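Throughout the sequence shown, residue numbering follows my numbering, covering 85 to 442 in sequence. C-beta: ideal position from N, C-alpha, C; glycine also. Predicted model, so just to flag it, every value in this text is computed and none were measured. One structure below.
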Amino acid sequence: MVRVELGERSYDICIGENWLPRLGDSLNFVPKSSQMIMISDENVFNLYGSRVLEILRDAGFKVESAVIAGGEGCKNLATSSCLYEQMITAGLDRKSTVLALGGGIVGDIAGFAAATYMRGIAYIQIPTTLLAQVDSSVGGKTGVNLPQGKNLVGAFYQPGLVFVDVAFIETLPEREYLTGLAEIIKYGIIWDKDFFKYLEEHCDRIKSRDSECLMHITSRCCSIKAEIVAQDETESGLRALLNLGHTFGHAFEALTNYQMYTHGEAVAVGMIYAARLAHHLGIIPFGDLNRIANLIKFYGLPISFGNLKSQDIVVQMRKDKKNIGGKIQLILPTAIGESKIFNDVSEANVVMILDLDR
Ligand SMILES: NC(=O)c1ccc[n+]([C@@H]2O[C@H](COP(=O)([O-])OP(=O)(O)OC[C@H]3O[C@@H](n4cnc5c(N)ncnc54)[C@H](O)[C@@H]3O)[C@@H](O)[C@H]2O)c1
85 MVRVELGERS
95 YDICIGENWL
105 PRLGDSLNFV
115 PKSSQMIMIS
125 DENVFNLYGS
135 RVLEILRDAG
145 FKVESAVIAG
155 GEGCKNLATS
165 SCLYEQMITA
175 GLDRKSTVLA
185 LGGGIVGDIA
195 GFAAATYMRG
205 IAYIQIPTTL
215 LAQVDSSVGG
225 KTGVNLPQGK
235 NLVGAFYQPG
245 LVFVDVAFIE
255 TLPEREYLTG
265 LAEIIKYGII
275 WDKDFFKYLE
285 EHCDRIKSRD
295 SECLMHITSR
305 CCSIKAEIVA
315 QDETESGLRA
325 LLNLGHTFGH
335 AFEALTNYQM
345 YTHGEAVAVG
355 MIYAARLAHH
365 LGIIPFGDLN
375 RIANLIKFYG
385 LPISFGNLKS
395 QDIVVQMRKD
405 KKNIGGKIQL
415 ILPTAIGESK
425 IFNDVSEANV
435 VMILDLDR
């Protein structure tokens, strides 16, 4: 178990394997008289929905379900609006609880619905993708997309509990598994050199979804995220380190209309460019750059962007909502296990790095 220490908003991340039957016990702080709603997407509902509902009802909870289509295209205000209607129809009041059963998309939109319904009701994260188990379910970033961009409307709103069962990962499609691995590698690069080494040494077992490795990885990533969030809940500084590779990555995703890369694939390529840029600026040794690029390659993640034009990428990077005063903000690794925020890297240097392997 990992604790996210945030004063009166503190909560636990409970991590286990094949322990869904104990979900009811983990929710012992939720009053049985209050109405719950379980939100999931179609895939997740078809795989696990009935089982979770049965476990909860057998444990004495009153729970209804709401199913969204799934995919980035449904993470919007129209879907939130449908959810509010279903929450009202199900009889949810201010003491009710939302359960988010699914990947990052379900977690973000269900969390947002919980944050805004009747000015905020409780919610529980039950993440079912690797990305959600190691990253998005922890830390309280909730939100939806606007036509103008991703995650432009949202709230920092912490869950009451994160319940992780690594057995969900068995049914995850390979590409989605790899997406989660990219975020896992990120934790090693920004924060923990021993964890990075673990990822180097256990590559084959991790690729084959060995459950002991999954337990270790998930616990370590959640501990790192909990430590960072506890120090900087609303991303005024330290938490930005979690965006390593994301400024490049978001630009690739947007320029390819979110069709060519999954989020993790775009982040993987972004981390390589960030490390190359750091090496070019003389802030990370070549040996560390090599280890980062090799690890990303070993895990079968992409390492370059095809045919996108460097100028288009930079123009897109300028639009990133994390930029301040029109300057591109970048997280760059300074060693394996260490990284820093940079606001003064020239665009000429960014273009140069993007053009390097063409
Ligand atoms: N809130 C945060 O801190 C945070 C952090 C990172 C990413 N995100 C957001 O997370 C979203 C991406 O999340 P994601 O990668 O989990 O994608 P996702 O939620 O779309 O899930 C990926 C796919 O896997 C399916 N799926 C989920 N669990 C499954 C399982 N156990 N077995 C089989 N299929 C399963 C889903 O139906 C979906 O088709 C993005 O919108 C991103 O902005 C949020």
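Is the separation between the beta-carbon of residue i and that of residue j shorter than 8 Å?
i	j	result
Ser394	Val86	no
Val190	Asp249	no
Leu361	Val429	yes
Leu440	Leu392	no
Gly244	Ile205	no
Leu328	Ser221	no
His330	Ile437	no
Asn229	Lys159	yes
Val246	Cys305	no
Gly421	Asp276	yes
Leu215	Thr163	no
Gly348	Glu284	no
For residue i, name the three-state secondary structure that DSSP assigns.
i	result
Thr181	strand
Asn281	The question names Asn, but residue 281 is Lys in the sequence shown. Lys281: helix per DSSP, three-state reduction.
Glu337	helix
Met344	coil
Ala174	coil
Ala314	helix
Ala350	helix
Asn407	coil
Gln242	coil
Gln209	strand
Gly366	coil
Pro417	strand
Gly321	coil
Phe113	coil
Within its chain, find whatever has a CB closer than 7 Å to the CB of residue i; leave out the 5 residues flanking it on each side and keep chain order.
i	result
Thr255	Leu131
Ile380	Ile269, Ala352, Met355, Ile356 and Ile387
Ala174	Gln119, Ile121 and Glu148
Gly223	Lys309 and Val313
Cys166	none
Val398	Glu431, Val434 and Val435
Ile368	Ala359, Ala362, Pro417, Thr418 and Ala419
Gly144	Lys116
With distances taken from CA atoms, which of the options is nearest residue i?
i	options	result
Glu156	Pro417, Asn341 and Thr302	Asn341
Thr418	Asn229, Phe382, Ile376 and Gly384	Ile376
Thr181	Cys166, His364 and Ala194	Ala194
Leu104	Phe196, Phe252, Gln232 and Lys179	Phe252
Asn235	Phe196, Arg259 and Thr213	Phe196
Gln170	Tyr201, Gly321, Thr213 and Asp404	Tyr201
Ala199	Leu140, Gly233 and Gly238	Gly238
Leu326	Glu296, Gln413, Asp396 and Ser295	Gln413
Leu140	Arg203, Ile210, Glu296 and His347	Ile210
Gln400	Phe336, Gly91 and Ala350	Phe336
Gly321	Asp109, Gly272, Asp294 and Ile408	Ile408
Gly233	Glu284, Lys405, Leu111 and Ser303	Lys405
Phe279	Ser295, Asp288 and Thr302	Thr302
Thr212	Lys291, Cys287 and Asn127	Asn127
Among residues of its own chain, excluding the 5 on either side of residue i, which ones have a beta-carbon nearer than 8 Å to its beta-carbon?
i	result
Val106	Here residue 106 turns out to be Arg, not Val, going by the sequence shown. Once the five neighbours on either side are set aside, the close Cβ partners of Arg106 are Gly100.
His300	Tyr282
Gly133	Met122, Ser124, Ser149, Val151 and Leu185
Phe240	Gly224, Lys225, Thr226, Glu317 and Thr318
Can you list, in chain order, the residues of its chain with a C-beta nearer than 6 Å to that of residue i? Leave out the 5 residues immediately preceding and following it.
i	result
Tyr383	Leu265
Tyr261	Leu214
Asp114	First, the amino acid is wrong: residue 114 is Val here, not Asp. Thr181.
Just to check, is the beta-carbon of residue i closer than 7 Å to a non-hydrogen atom of ligand 3?
i	result
Glu156	By its list of ligands, the structure shown excludes ligand 3, since it contains just ligand 1.
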